[in-house]
Amino acid sequence: MKISVELTLTPIQDDYEPIIIDFIKALRNSGLRVIENPLSTQVYGEYEKVMQILQEEVQTAFEAMDRGLLHMKLVKTDRSKYEPHF
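Each residue of the sequence shown is one higher than the one before, starting from 202 at the first, in this note's numbering.
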């Protein structure tokens, strides 16, 4: 089953950028399709593989920060080719 995931990682601390950069780089190196924009990162792929990678990388990111949030939206379809029609 294909899924699309939108992620926004928000470390709540002064030195937040390295944690976000490392998280995005790890997702890029995972073999998943990754699309970034200034507000979030989208990940696309097979459910099992996406969730396995997210479990590992979210844990790594959380261990690197004192406090933080991860907003995640899951869609049961591959939306990687979506283009607005307006």
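Glycine residues also receive a C-beta, built at the ideal position from the N, C-alpha and C atoms. If you're wondering where the values come from, they're calculated on a predicted model, not measured in any experiment.
Mapping DSSP to helix, strand and coil, what is Leu228?
Secondary structure of Leu228 (DSSP, three-state): helix.
If you count every other CB in all the chains shown that lies within 10 Å of the CB of Tyr245, and 16 or more means buried, which is it?
Using a 10 angstroms sphere on the CB of Tyr245, the tally of other CB atoms reaches 16 or more, which defines it as buried.
Coil, strand or helix - Ile213 by DSSP
The answer is coil: DSSP assigns Ile213 none of H, G, I, E or B.
I believe Leu270 touches Ile213 by the beta-carbon criterion, under 8 Å. Please report the beta-carbon distance rounded to the nearest angstrom.
Cβ-Cβ separation between Leu270 and Ile213: approximately 7 Å, consistent with a contact (criterion under 8 Å).
Is the CB-CB distance between Val206 and Leu255 below 9 Å?
Between Val206 and Leu255, the gap from beta carbon to beta carbon is short of 9 Å.
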